[in-house]
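**Student:** Let me begin by handing over the structure; questions about it come next.
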Amino acid sequence: MSTLLLGMSVVLVIAMIVTALVAISERRLSIAILSAGLVSLIASVLFLLLAAPDVAMTEAAIGSALTTFLFFFVLGRVRGESDD
Amino acid sequence: MIATIAIAAGFGLILIGLYGALTNRNMLRMIVAFTVANTGVNLVLVAVGHMFGRTAPILDSVVPVSEAASRIIDPVPQALVLTAIVIGLGVTALMLAYVYRLYQTKHTLDIAKYSELKW
Amino acid sequence: MIKRFTVLLLLAGLATIFVSLALGYVPDSSLNYSALYYADNTVSDTGAANIVTAIIVTYRGLDTLGEVTVLFLTAAIVGLVLKRGAKAGKGKPMLASGELLCTGSGLLVPLILLLGVYVFVNGHLTPGGGFQGGAILASGIMLVLLTNPMRHFSHRLIAVIESVSGLAFITVGILGIILAAGFLDNSLLPKGTLGELFSAGTIPVVYSFIGLKVGAEFSSMLVNLSETEGS
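Residue numbers (our numbering), protein chains in the order written: chain A, 669 to 752; chain B, 42 to 160; chain C, 26 to 256.
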């Protein structure tokens, strides 16, 4: 049982690092914002594996949902240059 | 064991977020990198409080009060991280509002173009 | 080129510090002194089953007051920075939302609001509490905003809910000074038995006010951002 949890956590950590690298280096800004939301979601599952259910709920609701909402609102208003 | 993996992951996220915030020139990309680094810091804080073989600090029929001291993990880092996540969202919202107002003055998101404060 | 090299040098220095910290980390084998106190005495002091909630609302209630103040400042500054200027009526004409979104949101928004209220009312028994419930309430308001972007939200109602909840939170704290042992003390209301809804003193009352205030603040931030005009 605990080796299953250990294997799950290793897979989730590798996925999180890859998604974070996508979030800072992707050309298109909307994909970068969605990747940051996905990093928060995987971190929420990791919080649950670390026996912290309150923190997992907070991170899923605030870090994953509300932050992505805020980013897409501002991105929609700023339809200008997206250099670098 | 899982705590060490999570601490390493959190430190990796902090380094990736800092690199993104220092290297990009688009202001929205800098805020996205800052969000990633914020998630990394919270992950390190919660992973420090984890102990092997124990469960969450909530008392019910499975974990009665009499054996609580030997079966639950440290509740204080979780209380700290709850506050930190909410305030991280507040700071992100403020940064986004400022970016929007800055964009309205010069219509560019490149931070090198805003040079009024340079010597 | 020089700049990127300097950044990589700085990150390499940080990485050596982090690696030395991570390798030298030994997990604890038993609870430390303050955690042992919280594990043994939470039920007899406060009557709450969720130890993290008891810490946030009673043992470290002053920190929660500080956090609520910071959130209030954030919502006020976002409202000030994004105030609705003289550019009304300049936006692009919006397409009508699809029928799937309208019907789905009509069914889902009451359920989401109910879930948010359930989460913060039961904060002392199960994982949850005011901040999680407030974020779920704000997500429900967000769904209404997505369905009908032209809908006029009453800023006055959101401001009234937020101010009344904040004032009620402070009033419960000051009543603790007058009637019980100190600011934000728990024993204004009876402790009850462990696991009941009406137990743990003033924790459900205080957390409900915090949940409403946090939900109102996040909603006001979202509504302010959605009412700005495209430029």
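Where a beta carbon is used, it is the ideal one built from N, C-alpha and C, also for glycine. All of these numbers come straight from a predicted model, not from anything done at the bench.
For Ile692/A, would you say it is in contact with chain C, using Cβ-to-Cβ distances shorter than 7 angstroms as the test?
**Tutor:** One-based indexing of the first sequence puts residue 692/A at position 24. Not one chain C Cβ lies under 7 angstroms of Ile692/A.
**Student:** Helix, strand or coil for Ala733/A per DSSP?
**Tutor:** One-based indexing of the first sequence puts residue 733/A at position 65. Ala733/A: helix per DSSP, three-state reduction.
**Student:** Name the DSSP beta bridge partners of Asp151/B, please?
**Tutor:** Here residue 151/B refers to the residue found at position 110 when the second sequence is read from its first residue. Beta-bridge pairing links Asp151/B to Asn67/B.
**Student:** Which bits of chain A does Tyr155/B rub up against, with CB to CB less than 9 angstroms?
**Tutor:** As a position in the second sequence, residue 155/B is number 114, starting the count at 1. The premise fails here: Tyr155/B is roughly 13 angstroms from chain A at the closest Cβ pair, so nothing lies under 9 angstroms.
**Student:** Could you confirm whether any beta carbon from chain C is found closer than 7 angstroms to the beta carbon of Ala733/A?
**Tutor:** One-based indexing of the first sequence puts residue 733/A at position 65. At least one chain C Cβ lies under 7 angstroms of Ala733/A.
**Student:** Considering Cα atoms alone, identify which of Arg181/C, Leu120/C and Ile186/C is closest to Pro174/C.
**Tutor:** For the purposes of this step, residue 174/C is taken as residue 149 along the third sequence, with counting starting at 1. Among Arg181/C, Leu120/C and Ile186/C, the Cα nearest to that of Pro174/C belongs to Leu120/C.
**Student:** Grab the span of the alpha helix (DSSP H) containing Pro135/C for me, first residue to last.
**Tutor:** Looking up residue 135/C in the third sequence gives position 110. Where Pro135/C is concerned, the enclosing alpha helix (DSSP H) stretches over Glu124 to Val146.
**Student:** Any residues in the segment 42-64 of chain B with a beta carbon nearer than 7 angstroms to a beta carbon of chain C? Which ones, in chain order?
**Tutor:** Ala44, Thr45, Ile48, Ala49, Phe52, Leu56, Leu59, Tyr60, Leu63 and Thr64
**Student:** If contacts are defined as beta-carbon pairs under 8 angstroms, then Thr196/C and Leu107/C qualify, I think. What distance do you get, rounded to the angstrom?
**Tutor:** Walking along the third sequence from the start, residue 196/C turns up at place 171. Walking along the third sequence from the start, residue 107/C turns up at place 82. With a Cβ gap of about 31 angstroms, Thr196/C and Leu107/C do not count as contacting.
**Student:** For Ala153/B, is the classification buried or exposed, using 16 other Cβ atoms within 10 angstroms of its Cβ as the cut-off for buried?
**Tutor:** Translated into positions along the second sequence, residue 153/B becomes position 112. Result: exposed.
**Student:** Considering only residues of the segment 162-216 of chain C, which uninterrupted alpha helix (DSSP H) runs meet the minimum length of 4 residues and lie entirely inside it, listed in chain order?
**Tutor:** With a minimum length of 4 residues, the continuous alpha helix (DSSP H) runs that stay inside the segment 162-216 of chain C are 180-204.
**Student:** Which of the three DSSP states is assigned to Ile114/B in this structure?
**Tutor:** Taking the first residue of the second sequence as 1, we reach residue 114/B at position 73. Three-state result, Ile114/B: coil.
**Student:** Let me check understanding here. Comparing Cα to Cα, which of Glu124/C, Val231/C, Ala79/C and Arg181/C lies closest to Ala193/C?
**Tutor:** Looking up residue 193/C in the third sequence gives position 168. Of the listed residues, the one whose Cα sits closest to Ala193/C is Val231/C.
**Student:** Going by C-alpha to C-alpha distance, which of Ala163/C, Arg176/C, Val189/C and Ile228/C sits closest to Ser245/C?
**Tutor:** Within the third sequence, numbered from 1, the residue matching residue 245/C stands at position 220. The residue with the shortest Cα to Cα distance from Ser245/C is Ala163/C.
**Student:** Can you say whether Pro152/C is buried or exposed, counting buried as having 16 or more other CB atoms within 10 angstroms of its CB?
**Tutor:** Residue 152/C sits at position 127 when you count from the first residue of the third sequence. With 16 or more other Cβ atoms within 10 Å, it is buried.
**Student:** Would you say Val87/B and Pro118/B are within 7 angstroms of each other, going by their C-beta atoms?
**Tutor:** Position 46 of the second sequence, counted from the first residue, corresponds to residue 87/B. Position 77 of the second sequence, counted from the first residue, corresponds to residue 118/B. Their beta carbons are under 7 angstroms apart, which means Val87/B touches Pro118/B by this criterion.
**Student:** Counting contacts by CB-CB distance shorter than 7 angstroms, is Asp65/C in contact with chain B?
**Tutor:** Residue mapping note: residue 65/C aligns to position 40 of the third sequence, counting from 1. Yes, contact with chain B.
**Student:** Does DSSP put Thr96/B in a helix, in a strand, or in coil?
**Tutor:** Here residue 96/B refers to the residue found at position 55 of the second sequence. DSSP places Thr96/B in strand when its eight states are reduced to three.
**Student:** For Tyr37/B, return the contacting residues in chain A, with the cut-off set at a CB-CB distance below 7 angstroms.
**Tutor:** Since the first residue of chain B shown is 42 and the last is 160, residue 37/B is not available in this structure.
**Student:** Can you list the residues of chain C that Ile730/A reaches, using a CB-CB cut of under 7 angstroms?
**Tutor:** In the first sequence, counting from the first residue as 1, residue 730/A sits at position 62. What Ile730/A touches in chain C: Ala160.
**Student:** Which value, in whole angstroms, describes the spacing of the CA atoms of Ile27/C and Leu34/C?
**Tutor:** Position 2 of the third sequence, counted from the first residue, corresponds to residue 27/C. Position 9 of the third sequence, counted from the first residue, corresponds to residue 34/C. Each residue's alpha carbon lies about 10 angstroms from the other.
**Student:** Are the C-beta atoms of Ser164/C and some chain A residue less than 7 angstroms apart?
**Tutor:** Here the question's residue 164/C lines up with position 139 in the third sequence. Output row for Ser164/C: interface = yes.
**Student:** Identify the contact partners of Leu126/B in chain A, using a Cβ-Cβ distance below 9 angstroms as the criterion.
**Tutor:** As a position in the second sequence, residue 126/B is number 85, starting the count at 1. The sequence given here has Ile at residue 126/B, not Leu. By Cβ distance, chain A contributes Val723, Thr726, Glu727, Ile730 and Gly731.
**Student:** Strictly below 9 angstroms CB to CB, what residues from chain B border Glu124/C?
**Tutor:** Locating residue 124/C in the third sequence gives position 99, where the first residue counts as 1. Think of a sphere of 9 angstroms around the beta carbon of Glu124/C: no beta carbon from chain B falls inside it, the nearest being about 32 angstroms out.
**Student:** What residue range is occupied by the uninterrupted alpha helix (DSSP H) comprising Arg29/C?
**Tutor:** Translated into positions along the third sequence, residue 29/C becomes position 4. Start and end: Ile27 to Leu48.
**Student:** Mind listing the chain B neighbours of Ser677/A? Cutoff is C-beta to C-beta under 8 angstroms, in chain order.
**Tutor:** Within the first sequence, numbered from 1, the residue matching residue 677/A stands at position 9. Near Ser677/A (Cβ distances below 8 angstroms), the residues of chain B are Ile43, Ile46 and Ala47.
**Student:** Tell me whether the beta-carbon of Ile126/B lies closer than 7 angstroms to the beta-carbon of Ile730/A.
**Tutor:** Taking the second sequence and counting its residues from 1, the one referred to as residue 126/B is at position 85. Taking the first sequence and counting its residues from 1, the one referred to as residue 730/A is at position 62. Cβ distance < 7 angstroms, so Ile126/B and Ile730/A count as in contact.
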